[in-house]
Amino acid sequence: MLEVLFDHQIFAEQRYGGISRYFKHLMGGIQRTDDASYKLGVARSDNFYIQDEPQLLQSRIFDPLFGSQARLLKRNKSYVKYLLRQNRFSVFHPTYYDPYFLKYLKKPFVLTVHDMTYEALPHLFPSSDPTPYHKRLVMEKADKIIAISGYTKSDILKYSDVPEHKIEVVYHGIDSSSLQYASVNQLPGKYILFVGGRWSYKNFYLLAHAFSELSKTDPELHLVLAGGGPLSFGETEFLRRHHILAKTLHLNATDPQLNTLYKRAICFVYPSKYEGFGLPILEAYKNNCPVLLNNHSCFQEIGAGAALYFDDELPHSLENELQRMVNDDALRNSLRLAGTQRLTAFPIERCISKTLDIYRTLT
Numbered sequence: 001m002l003e004v005l006f007d008h009q010i011f012a013e014q015r016y017g018g019i020s021r022y023f024k025h026l027m028g029g030i031q032r033t034d035d036a037s038y039k040l041g042v043a044r045s046d047n048f049y050i051q052d053e054p055q056l057l058q059s060r061i062f063d064p065l066f067g068s069q070a071r072l073l074k075r076n077k078s079y080v081k082y083l084l085r086q087n088r089f090s091v092f093h094p095t096y097y098d099p100y101f102l103k104y105l106k107k108p109f110v111l112t113v114h115d116m117t118y119e120a121l122p123h124l125f126p127s128s129d130p131t132p133y134h135k136r137l138v139m140e141k142a143d144k145i146i147a148i149s150g151y152t153k154s155d156i157l158k159y160s161d162v163p164e165h166k167i168e169v170v171y172h173g174i175d176s177s178s179l180q181y182a183s184v185n186q187l188p189g190k191y192i193l194f195v196g197g198r199w200s201y202k203n204f205y206l207l208a209h210a211f212s213e214l215s216k217t218d219p220e221l222h223l224v225l226a227g228g229g230p231l232s233f234g235e236t237e238f239l240r241r242h243h244i245l246a247k248t249l250h251l252n253a254t255d256p257q258l259n260t261l262y263k264r265a266i267c268f269v270y271p272s273k274y275e276g277f278g279l280p281i282l283e284a285y286k287n288n289c290p291v292l293l294n295n296h297s298c299f300q301e302i303g304a305g306a307a308l309y310f311d312d313e314l315p316h317s318l319e320n321e322l323q324r325m326v327n328d329d330a331l332r333n334s335l336r337l338a339g340t341q342r343l344t345a346f347p348i349e350r351c352i353s354k355t356l357d358i359y360r361t362l363t
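Under the UniProt record's numbering, think of the first position of the sequence shown as 1, with each following residue one higher.
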């Protein structure tokens, strides 16, 4: 029987998030398969998606022993090393790029590469950040690499020496189960939605500036920011200087609250200059939310004809397309319909099935 070992990395970093949700979907798919099983090398985590894991339920009794976050990470890593030394699994699938496991591993491993942002935009990251080095090590050693889009595969080939035969494209998927919704306090009646991190290449300031121009003629329009951490001093000052701080709502949403935000938004805007896939696009589609995307990186591959596009290198492009989206009911309705149709291209079961096929080639 195929047995897959997943490690702790992303579950120690994220409470909610696309990567940890992706791995939870893989584990759920394995659980529904007759000839496969999995182990999760996590002793303790606050990640929302894995709270029903048996070893986590048991470990809560010993919470006082774990102490600080650093001790938690050390405990989780020690637990994975113990499982690696036991060697009672078929394939290892690390959940991020820390190469700690290489000297203990005696079985094949699969690595999912979510994007090549560090390699494509190195000037935007601290030179002391070890992630690019760690990532290169594990990519070179991996028996198979899963690229989450064709664009990501092309960038792996462009920015690394990984041979093409090691890389398989497996798109993210989204499950077809019914959505859960939760109320959001003080949610404005008319708003544009931005989801996730707001740093540099995410182009948050570009969106904020375009929104400030639109809000001059549409005083009821608001900007809602979901996740990405609290507003920085610089972000707050930018919003104040452009007279839109009072029209901006930031909140850390649970998944059911995020569904509500998508469902009620005029549109979801993804202005990022670089992504490996863009899972929020599928989340928006599932919630019947029109989507406005930057015409860069993977977005045409994922959104196809089910999104409106702007070019961040053209002056006023975002502002103009955003105005079209806000003012044109027929456009939004057509995008809702197109999004629902496009969503059928990304079933989670296909993602799980193709990943299982990759595992089996290594056993």
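Built from N, CA and C at the ideal position, the CB exists for glycine as well. On a predicted model such as this, the values are computed, not experimentally measured, just so you know.
*asked:* Less than 7 Å between C-beta atoms, sequence neighbours within five positions excluded: which residues of the same chain meet that for K106?
replied: Your numbering for residue 106 matches position 106 in the sequence shown. Excluding positions up to five away in sequence, the list reads N87.
*Would you call the CB atoms of P347 and G189 closer than 8 Å?*
To locate residue 347, count along the sequence shown from 1; it is residue 347. To locate residue 189, count along the sequence shown from 1; it is residue 189. Annotated as distal: P347 and G189, with beta-carbon spacing of 8 Å or more.
_For Y97 and H134, believed in contact at Cβ under 8 Å, the rounded distance_ = Within the sequence shown, the letter at position 134 stands for residue 134. Within the sequence shown, the letter at position 97 stands for residue 97. Cβ-Cβ separation between H134 and Y97: approximately 5 Å, consistent with a contact (criterion under 8 Å).
_Nearest neighbour of I50, chosen from L72, R32 and H8 [CA to CA]_ = Reading the sequence shown from its first residue, position 50 is the one you call residue 50. Ranking L72, R32 and H8 by Cα distance to I50 puts H8 first.
*Drop a sphere of 10 angstroms on the beta-carbon of R75, count the other beta-carbons inside from all chains shown, and report buried for 16 or more, exposed for fewer.*
The residue given as residue 75 occupies position 75 in the sequence shown. Burial call: buried.
_C-beta atoms of I192 and F211 nearer than 8 Å_ = Here residue 192 is taken as the residue at index 192 of the sequence shown, counted from 1. Here residue 211 is taken as the residue at index 211 of the sequence shown, counted from 1. Yes; because the gap between Cβ atoms is below 8 Å, this pair is in contact.
*On a CA-only basis, which of N185, Y270 and D155 is nearest L206? Give me that one, please.*
Taking the sequence shown and counting its residues from 1, one reaches residue 206 at position 206. Checking every option, the nearest Cα to that of L206 belongs to Y270.
_Stretch-stretch touch, CB-based, cutoff 8 Å, three pairs: the region 230-245 with the region 167-182_ = Between the region 230-245 and the region 167-182, the count of Cβ pairs shorter than 8 Å is below three; the stretches do not touch.
*Span of the beta strand (DSSP E) holding Y270?*
Residue 270 sits at position 270 when you count from the first residue of the sequence shown. For Y270, the enclosing beta strand (DSSP E) has its first and last residue at C267 to Y270.
*Look at the alpha carbon of A345 and the alpha carbon of T355, and state the distance between them as a whole number of angstroms.*
What you label residue 345 is simply residue 345 of the sequence shown in a count that begins at 1. What you label residue 355 is simply residue 355 of the sequence shown in a count that begins at 1. The straight-line gap separating the alpha-carbon atoms of A345 and T355 is approximately 16 Å.
_As a quick exercise: from E140, S176 and A182, pick the residue whose alpha carbon is nearest that of H165._
Here the question's residue 165 lines up with position 165 in the sequence shown. Taking the Cα of H165 as reference, the smallest distance to any Cα among E140, S176 and A182 is reached at E140.
*Buried or exposed: which applies to T217, given that a residue is buried once 16 or more other Cβ atoms fall within 10 Å of its Cβ?*
The sequence position of residue 217 within the sequence shown is 217, counting from 1. Classification of T217: exposed, given that the 10 Å Cβ count is below 16.
*Do the CB positions of M325 and L343 come within less than 8 Å of each other?*
Here the question's residue 325 lines up with position 325 in the sequence shown. Here the question's residue 343 lines up with position 343 in the sequence shown. With contacts defined as CB atoms closer than 8 Å, M325 and L343 fail to qualify as a contacting pair.
*asked:* Can you tell me whether K106 is helix, strand or coil according to DSSP?
replied: Against the sequence shown, residue 106 aligns to sequence position 106. K106 falls in the coil class under three-state DSSP.
*Spatial neighbours of F62 within its chain, please: CB distance less than 6 Å, with the 5 preceding and 5 following residues excluded, ordered by chain position.*
Numbered from its first residue, the sequence shown carries residue 62 at position 62. Because F62 sits at a pLDDT of 48, beneath the cut-off of 50, its placement in the model cannot be relied upon, and the following sentence gives the value as read from the coordinates. Spatial neighbours of F62 in its own chain (CB-CB distance under 6 Å, excluding positions within 5 residues in sequence) are not present.
*Give the secondary structure of N294 by DSSP, where H, G and I count as helix, E and B as strand, and everything else as coil.*
As a working mapping, residue 294 is identified with position 294 in the sequence shown. Under the three-state reduction of DSSP, N294 is assigned to strand.
*Helix, strand or coil for I61 per DSSP?*
As a working note, residue 61 is residue 61 in the sequence shown. Reliability of the predicted coordinates at I61 is poor, the pLDDT of 44 falling under 50, and the value obtained from them is presented with this limitation in mind. Here I61 carries a helix assignment [DSSP, helix/strand/coil].
*asked:* Can you find the residues in the same chain that come closer than 8 Å, C-beta to C-beta, to L214, ignoring five residues on each side of it along the sequence?
replied: For the purposes of this step, residue 214 is identified with residue 214 of the sequence shown, where counting begins at 1. Excluding positions up to five away in sequence, the list reads L221, E319, L322, Q323 and V326.
*Run through DSSP, which three-state label would F346 get?*
Reading the sequence shown from its first residue, position 346 is the one you call residue 346. F346: coil per DSSP, three-state reduction.
*If we call anything under 8 Å between Cβ atoms a contact, is K340 one with N288?*
Taking the first residue of the sequence shown as position 1, residue 340 is located at position 340. Taking the first residue of the sequence shown as position 1, residue 288 is located at position 288. In the sequence as displayed, the identity of residue 340 is Thr instead of Lys. T340 places its beta carbon less than 8 Å from that of N288.
*Report, in whole angstroms, the separation of the C-beta atoms of Y262 and E283, which I expect to be a contact under 8 Å.*
As a first step, residue 262 must be located in the sequence shown, where it is residue number 262. As a first step, residue 283 must be located in the sequence shown, where it is residue number 283. With a Cβ gap of about 6 Å, Y262 and E283 count as contacting.
*Can the beta-carbon of H209 be found closer than 8 Å to that of H242?*
Taking the sequence shown and counting its residues from 1, one reaches residue 209 at position 209. Taking the sequence shown and counting its residues from 1, one reaches residue 242 at position 242. Yes, these two residues count as a Cβ contact at 8 Å.
*Under 7 Å Cβ to Cβ from Q14, same chain only, skipping five residues before and after it: list those, please.*
Within the sequence shown, residue 14 is the residue found at index 14, counting from 1. These residues qualify, in order along the chain: S20 and N47.
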